[in-house]
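Residue numbers (the working numbering), protein chains in the order written: chain F, 1 to 354; chain D, 355 to 679.
Okay, structure coming up:
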């Protein structure tokens, strides 16, 4: 589930402008919100009955469709179905703010009670959602909310990843893979992008603070994923004794993997973020990849749908709900795929586990 | 006896074929799609005044760009650069407006469009490069310029007079975007149909050599159509900026294919010599109506794309096939 490669560089600047970096040990929301575990938001049977009786409807207004959005989307669809909320429309703005505005206007013709959305451009998204606000539609957002919008008044909540937890779990997985000691290479995303910055930082501080026998002995920033192979090559050539390499997300990790393979290196382990079929295949075949840390994207959709539906019967939600992440290893790949994407593992991987 | 019957039948047949069914394909198609949605979606808000006016408002920038494209295609050229002209114009307008006020902002937006049109036009008309390649290159070039203009940042547009004039405002109860559409269509249609310039554009597209021999200043016509297209893409940029109250480098990036499809479906030939401004308007509305209706039908995103693609393919196939006969 490569969420990052789907995000155009433009978002980087936008997100940066609205996001505070994590302090020590916690993810912060786009407007500095404190995170609340998504699992803590539940509905009572009584509330669920009220929702079912309400004959409510919902529209899903996405920024674009990727594997990540797909998982969020199907989580939302399933939860709405469970709650008897009919999904009346679904749109894809293809990262175009103008199209997202048109999409919001269009779905309003169906008079939905709820709109779930991920704003293409949070910094300037206010005018896009204003017509929905005026029409009294309950808004709930994934990952970010329009600047100037007030939680509890203008929208229900933001649901997102626990970025710090993802980086932290990557650190723990690396320690497990290396027996809690050894030399680690650290390939981080060298751009101001809050998603990767929080995750990378969390990995680094976890290794530095929690594992005294582990040392980050090589660091390299990667600005352009297309150049990951060159960076990996330089790192592996200069530091042939690395026990493990952390890579900021799965796509560049594949370049690191191919570098290790062509160097005949069977010693160095890789830990990276996001589920990715080739990387997972290498992992189950006992290759260099030791763990993939993934978020529960499906649960983001479930939680957003649940919170939005709850708001229709007067249930308040915390401003920033975060889903868990999980470290997927060779032994947990089947469950991991199910938990993160609510899908079965791809056939190639299922075949390899047998 | 039998020959008499066939003689009587033939003129009738040729009469019918001379009525030019092809000219009406876009209108028939438009009506068919409209009726289909009106029936299928009658309880889903499709026919509400609000929804129908939304379609016109949402397609205003596409319609405006389509008018420019009719001129360009009719002259036998193409302008692919509009995809990034929109963003350059919107960003130039937003930045200038925030510093120097509305009038300067409007001038900067239109000026940017005209300047890009001039670059394209000079290269095509006087350096004699093919417009397809020139505008393909400037499409990429100005996409880069749009990104570097504000370093990928989106710029808010807060001037309420501007957003009223180009986006959310209305005059005599009619939204400003509809005014812009009407003005551009009427002006475009009159210039295209009733002026010598319009005739020269068609003659150039039909046969540039013949046009040149008969004294038409072909290079100047080529320059002019590309400048018109640039200026109208600039205006589309202003309309987006007004409607979104923001400018961003991605504006217009996905519009190019929609504009070309709208124009072709509307009866303009890809290789010049024939065009229709009214057809382009109907084509553009058809595109908007398709987007709108398919969403309201509750289709999944991928199904919407497949159905939209098939309908556009069918529409283009019908209108082009008829015309090539």
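A virtual CB, placed ideally from N, CA and C, is assigned to each residue, including glycine.
Review point. If you run the structure through DSSP and keep just helix, strand and coil, what is residue 603/D?
Key: Correct three-state label for residue 603/D: coil.
**Study point:** Contact set between residue 95/F and chain D, taken where Cβ atoms lie within less than 9 Å
**Key:** Under the 9 Å cutoff, chain D gives 604, 607 and 608.
Review point. Measuring CA to CA, which of 616/D, 522/D, 484/D and 589/D is closest to residue 429/D?
Key: Comparing Cα positions, the closest option is 484/D.
Review point. Start and end of the alpha helix (DSSP H) containing residue 554/D?
Key: Looking at the DSSP string, the run of the alpha helix (DSSP H) that includes residue 554/D is 550-560.
**Study point:** Option in 149/F, 171/F and 174/F with minimal Cα separation from residue 30/F
**Key:** For residue 30/F, the nearest C-alpha among the options comes from 149/F.
Review point. Could you give the distance in angstroms between the alpha-carbon of residue 528/D and the alpha-carbon of residue 460/D?
Key: Their Cα atoms are separated by approximately 22 Å.
**Study point:** Assigned secondary structure, residue 62/F (DSSP; H/G/I helix, E/B strand, else coil)
**Key:** DSSP places residue 62/F in the strand class (E or B) of the three-state scheme.
Practice item. Please decide whether residue 649/D counts as near chain F, where near means a Cβ-Cβ distance under 7 Å. Key: The beta carbon of residue 649/D sits closer than 7 Å to some beta carbon of chain F.
Review point. Excluding the five sequence neighbours on either side, which residues of its own chain have a C-beta within less than 8 Å of the C-beta of residue 21/F, listed in chain order?
Key: Model confidence at residue 21/F stands at a pLDDT of 38, short of 50, so the residue's coordinates are unreliable and nothing is read from them.
Review point. What are the start and end residues of each continuous alpha helix (DSSP H) run of 4 or more residues lying completely inside the stretch 184-248 of chain F, in chain order?
Key: The qualifying runs are 194-210 and 228-238.
Check your understanding: Can you find a C-beta in chain F that's less than 7 Å from the C-beta of residue 399/D?
Key -> With 7 Å as the cut-off, residue 399/D counts as an interface residue toward chain F.
**Study point:** Best match in 447/D, 410/D and 400/D for proximity to residue 601/D [C-alpha to C-alpha]
**Key:** If we check each option's Cα against that of residue 601/D, 447/D comes out closest.
Review point. In chain order, which continuous runs of the beta strand (DSSP E) of length 3 or greater are located wholly inside the stretch 282-322 of chain F?
Key: Correct list: 289-295.
Exercise for review: Would you kindly report the start and end of the unbroken beta strand (DSSP E) that includes residue 338/F?
Suggested key: No beta strand (DSSP E) contains residue 338/F, which is instead part of the alpha helix (DSSP H) from 333-341.
Check your understanding: In whole angstroms, what separates the C-alpha of residue 249/F from that of residue 319/F?
Key -> C-alpha separation (whole angstroms): 27 Å.
Point to revise | Members of the stretch 493-510 of chain D that neighbour chain F once the beta carbon cut-off is set at 7 Å | key: Taking 7 Å as the Cβ-Cβ cut-off against chain F, the residues of the stretch 493-510 of chain D that qualify are 505, 506, 507, 508 and 510.
Practice item. Pick helix, strand or coil for residue 153/F, following the three-state DSSP scheme. Key: Three-state result, residue 153/F: coil.
Review point. How about residue 543/D and residue 631/D: do their beta carbons lie closer than 7 Å?
Key: Yes, Cβ-Cβ distance for residue 543/D and residue 631/D is below 7 Å.
**Study point:** Helix, strand or coil at residue 182/F [DSSP, three-state]
**Key:** DSSP places residue 182/F in strand when its eight states are reduced to three.
Practice item. Would you mind stating whether residue 291/F and residue 266/F have Cβ atoms separated by less than 7 Å? Key: No; because the gap between Cβ atoms is not below 7 Å, this pair is not in contact.
Review point. When we look at the beta-carbon of residue 548/D and count the other beta-carbons within 10 Å, is it buried (16 or more) or exposed?
Key: In summary, residue 548/D is exposed, with fewer than 16 beta-carbon neighbours lying within 10 Å of its beta-carbon over all protein chains present.
Practice item. Give a yes or no on whether the minimum CB-CB distance between residue 655/D and chain F is below 7 Å. Key: Yes, because at least one Cβ of chain F sits closer than 7 Å to the Cβ of residue 655/D.
Review point. Can you name the start and end residues of the alpha helix (DSSP H) that residue 271/F belongs to?
Key: Counting along the chain, residue 271/F sits inside no alpha helix (DSSP H); it lies in the beta strand (DSSP E) bounded by residues 269-273.
**Study point:** residue 412/D: first and last residue of the uninterrupted alpha helix (DSSP H) it sits in
**Key:** Membership of residue 412/D in the alpha helix (DSSP H) is indicated by the continuous run 403-428.
Review point. Candidates 445/D, 378/D, 437/D and 636/D: which alpha carbon is nearest residue 413/D's?
Key: Nearest C-alpha to residue 413/D: 636/D.
Check your understanding: Does any residue of chain F bring its CB to less than 7 Å from the CB of residue 408/D?
Key -> The beta-carbon of residue 408/D is placed less than 7 Å from the nearest beta-carbon of chain F.
**Study point:** Neighbouring residues, chain F, relative to residue 594/D (Cβ below 7 Å)
**Key:** Within 7 Å Cβ-Cβ: 98.
Review point. Taking the alpha carbon of residue 65/F as the point to measure from, which residue in 54/F, 85/F and 94/F has its own alpha carbon closest?
Key: Selected option, being the one with the closest Cα: 94/F.
Review point. Does residue 452/D have its Cβ less than 7 Å from a Cβ in chain F?
Key: With 7 Å as the cut-off, residue 452/D does not count as an interface residue toward chain F.
Review point. Quick one: is residue 567/D buried, meaning 16 or more other Cβ sit within 10 Å of its Cβ, or exposed?
Key: The Cβ neighbour count for residue 567/D, taken over all protein chains shown within 10 Å, is under 16; the residue is labelled exposed.
Exercise for review: Kindly list, in the order they appear in chain F, the residues whose Cβ is closer than 9 Å to that of residue 404/D.
Suggested key: Within chain F, the residues near residue 404/D are 105, 108 and 109.
Check your understanding: By how many angstroms is the C-alpha of residue 327/F removed from the C-alpha of residue 346/F?
Key -> It is roughly 18 Å from the alpha-carbon of residue 346/F to the alpha-carbon of residue 327/F.
**Study point:** Extent of the continuous alpha helix (DSSP H) to which residue 448/D belongs
**Key:** For residue 448/D, the enclosing alpha helix (DSSP H) covers residues 436-454.
**Study point:** Segment limits, beta strand (DSSP E) that includes residue 263/F
**Key:** Segment: none, residue 263/F is in no beta strand (DSSP E) and carries neither H nor E.
Point to revise | Per-residue burial, residue 433/D [other beta carbons within 10 Å of its own, 16 or more giving buried] | key: Residue 433/D counts as buried, since at least 16 other C-beta atoms from the protein chains shown sit within 10 angstroms of its C-beta.
Check your understanding: Residues in the stretch 75-95 of chain F with C-beta within 8 Å of chain D's C-beta atoms, listed in sequence order?
Key -> Considering only beta carbons, the part of the stretch 75-95 of chain F lying closer than 8 Å to chain D consists of 87, 88, 89, 90, 91, 92, 94 and 95, in chain order.
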